[in-house]
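UniProt numbering puts the first residue of the sequence shown at 1, with every later residue one more than the last.
Take a look at the structure set out below.
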Amino acid sequence: MPPTNTDSSQAEAHKPPPHLFRVIKQLSKNTFLCLLRTRSSSVEDTDNAFCSYAILPDTVSSSLAPFTRLPYDSFQRQTVLLENSLADALVQNVRHVGASKLSERHIGLLGSLIIVKTCPEAPHAVLSLRNEMDILESLHAHDEHASMHFSPAVVRAQFTSSASNAWVCFSPTFGPSLRSLGEAVSAEQSTQFYLPSWFIGHIFHHLLAALELLSAEGIVHGAIDANTVVVNIYPRYFSWRYRGYPDILLTNFSTARRTQESEDIHTAPTTPTHKDTGTRADTDIKSYLQLIIAVISKWSDSAPFIPKATTNGVIVSDDPVLLLMQTAREMLSAPRPRLADVQRRLGAALERLRSEGPHGVPDTLRRVLHSDLATEEEVRRGVGRTTVLRFGKRRGDVARVVAGERVGIGAGGYVGMRTGRVLVVRFGVRRGDYERLVGSVRMDGEEGMDVDGEGGEVDEMEM
């Protein structure tokens with residue numbers, strides 16, 4: 001996607017359309033965690049035999065067990081749903097890991113959550129969002145490997161000429177970013193808990209594979225850092241996983257673009273020319289090397305030994321993690337580090353580091369690799385938010401229209417006409433609250449009813 005300009009970064013993004021989504025939490029300026037109003041699940045269906053049900057057992061040999069032995073009697077009449085719904089698999093896996101802080105009731109809603117990304121009112125914002133979606137769809141179009149390395153595929157989208165009506169939906173990833181993971185590790189350092197060396201190797205081996213796929217597709221990400229790299233402990237496909245280790249996803253393709261993309265009159269202000277595409281590609285490699293240095297120096301189990309191992313700015317040690325950090329520093333000093341050089345100098349070292357790890361993720365690490373994305377209170381507010389509308393005038397006519405009876409139209413150009421198909425309601429206030437609940441009007445004659453559970457007065461509507 002073409003990089004957003006300064007105006008776009010300063011503009012306030014629109015909220016998701018209320019008649020389609022119930023907002024649970026705003027994750028960033030233009031990203032929202034929502035519940036779909038029209039579907040029970042936000043996760044795509046699949047007929048792949050190695051779906052997320054295979055994560056429950058710890059061995060590959062048991063990966064097909066859910067398709068030959070139903071885990072619960074209640075699923076005997078739901079074999080199609082059992083085999084095809086990744087949302088159900090996600091909920092079961094979250095319960096299996098046991099790291100969620102949500103109540104049992106709200107854990108069951110995790111499979112129905114969705115990420116909605118909207119547009120700010122800024123030049124080229126809609127084109128930028130459309131380009132991000134196109135790049136993600138092209139990455140996920142080939143095979144299942146993309147699900148190991150990149151943001152989840154687009155679930156649904158809408159684009160119009162107006163930024164207020166443009167949005168894209170993704171399945172959420174219930175895992176922390178590298179920055180959030182590092183902060184969680186820092187909070188645990190009183191108990192001597194750091195990211196182990198094998199996990200460092202796994203993270204950057206995975207990211208290196210992601211860079212290889214991007215290079216093969218001619219795509220430059222443009223914003224690789226600790227915020228855009230996310231750990232996914234609930235992968236979609238089991239067959240590609242290494243020892244049950246989590247996937248490492250590269251997210252936020254808002255600044256991504258194709259290296260050979262032709263200039264267009266609409267995107268020219270933010271589109272790099274062919275002269276600087278090489279520089280942008282080098283930026284991904286430099287960002288990758290800088291991230292290696294940052295993660296090792298801050299959160300690895302070798303971090304406490306860096307000062308003693310450093311002599312005149314050079315690390316002298318036999319620790320493979322510190323040697324990895326020193327190699328990254330040396331490559332950054334080169335004018336234009338290239339992917340082939342990174343593969344040659346770091347690929348084998350990362351593979352060796354990862355191979356020293358256990359067969360499965362230890363519980364001490366597993367508990368920080370889950371993220372609910374929202375607190376119990378935020379989910380409760382989002383799910384339980386209700387608006388009750390009280391009709392102070394012509395309540396009887398409204399009841400008859402709802403019941404399908406014919407009602408005479410009052411003042412206006414059609415006075416005297418009788419119809420049972422049209423109901424016109426004029427709002428003085430809280431129009432947005434009604435738009436959220438289209439088709440869910442509750443008729444109640446009680447006085448002093450609350451709105452949103454906060455003790456506010458219910459608004460009367462004139463007809």
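For every residue, glycine included, the Cβ atom is placed at its ideal position computed from N, Cα and C.
Spatially closest choice to residue i from the options, by CA coordinates
| i | options | result |
| --- | --- | --- |
| E356 | F174, H202, K25 and S171 | H202 |
| L322 | N93, L346, L369 and F253 | L346 |
| D341 | R352, Y237, F305 and K286 | K286 |
| I233 | D134, F199 and E183 | F199 |
| residue 464 | R236, T259 and N252 | Past the edges of the chain, shown from 1 to 463, lies residue 464, and the structure says nothing about it. |
| S197 | L214, K298 and R344 | K298 |
| L332 | L365, I293, A309 and L350 | I293 |
| F336 | D225, G108, R243 and L289 | Here residue 336 turns out to be Arg, not Phe, going by the sequence shown. Answer by Cα proximity: L289. |
| L129 | G111, H140 and Q158 | Q158 |
| S162 | H14, E144, S177 and I296 | H14 |
| L248 | L208, R257, A256 and S254 | A small fix is needed here, since residue 248 is Ile in this sequence, not Leu. Of the candidates L208, R257, A256 and S254, the one whose C-alpha sits nearest the C-alpha of I248 is L208. |
| T375 | L33, K29 and P18 | L33 |
| E137 | H124, A125 and P152 | P152 |
| Y245 | L178, V316 and M148 | M148 |
| K29 | A99, R406 and E121 | E121 |
| P16 | I135, V94 and R156 | R156 |
| R354 | A334, I315, P320 and R380 | P320 |
| V154 | T160, H140, E144 and N165 | H140 |
| R105 | E405, R329, R380 and E144 | R380 |
| A328 | T118, T311 and L350 | L350 |
| V231 | F150, D88 and G396 | F150 |
| A166 | V126, E183 and M133 | V126 |
| L339 | A216, E132, L35 and R95 | A216 |
Span of the beta strand (DSSP E) around residue i
| i | result |
| --- | --- |
| N232 | V229 to N232 |
| L109 | Neither: L109 is in no beta strand (DSSP E) and is coded neither H nor E. |
| F32 | T31 to L36 |
| R22 | F21 to S28 |
Three-state class that DSSP yields for residue i in the structure shown
| i | result |
| --- | --- |
| V97 | helix |
| T310 | strand |
| P18 | coil |
| L249 | strand |
| A403 | coil |
| P120 | strand |
| I292 | helix |
| I224 | coil |
| A13 | strand |
| R241 | coil |
| R257 | strand |
| S103 | coil |
| G453 | Confidence at G453 is low in this model, with a pLDDT of 36, below 50, so its placement is unreliable and the value that follows should be read with caution. G453: coil per DSSP, three-state reduction. |
| I265 | Per-residue confidence for I265 stands at a pLDDT of 29, beneath the threshold of 50, marking its modelled position as unreliable; no derived number is given. |
| C51 | The pLDDT assigned to C51 is 39, lower than 50, so where the model puts this residue is not dependable, and the model offers no usable value. |
Endpoints, the alpha helix (DSSP H) within which residue i is located
| i | result |
| --- | --- |
| S302 | Note, S302: premise wrong, no alpha helix (DSSP H); not H, not E. |
| D134 | A125 to H140 |
| R366 | D363 to R366 |
| L214 | S197 to E217 |
Whole-number beta carbon distance between residue j and residue i, since they are thought to touch under 8 Å
| i | j | result |
| --- | --- | --- |
| S300 | L181 | Wrong, their Cβ atoms sit about 12 Å apart, outside the cutoff. |
| L250 | T228 | 6 Å |
| D363 | L102 | In fact, because the Cβ distance is near 19 Å, the residues do not count as touching under 8 Å. |
| R243 | G360 | 6 Å |
| S222 | A256 | It is worth fixing the name first, because residue 222 is Gly in this sequence and not Ser. So it is a contact: roughly 6 Å between Cβ atoms. |
| F21 | V116 | 6 Å |
| L110 | F174 | 7 Å |
| L178 | V295 | 6 Å |
| D291 | D225 | In the sequence as presented, Asp is not what sits at residue 291; that position holds Leu. Rounded, the Cβ-Cβ distance is 6 Å, consistent with contact. |
| I114 | P172 | 7 Å |
| A89 | R366 | Actually they do not touch by this definition, with Cβ atoms about 18 Å apart. |
| L213 | H145 | 7 Å |
| G382 | V91 | G382 to V91, Cβ: 17 Å. No contact. |
| V220 | D284 | 6 Å |
ask   = Mind pulling the alpha helix (DSSP H) runs of 4 or more residues that sit fully within the region 322-356?
value = Taking only runs of at least 4 residues, the alpha helix (DSSP H) segments lying wholly in the region 322-356 are 339-355.
At 3 residues or longer, what runs of the beta strand (DSSP E) sit wholly inside the region 150-183?
As for any beta strand (DSSP E) of minimum length 3 sitting wholly inside the region 150-183, the runs are 154-158 and 167-170, ordered along the chain.
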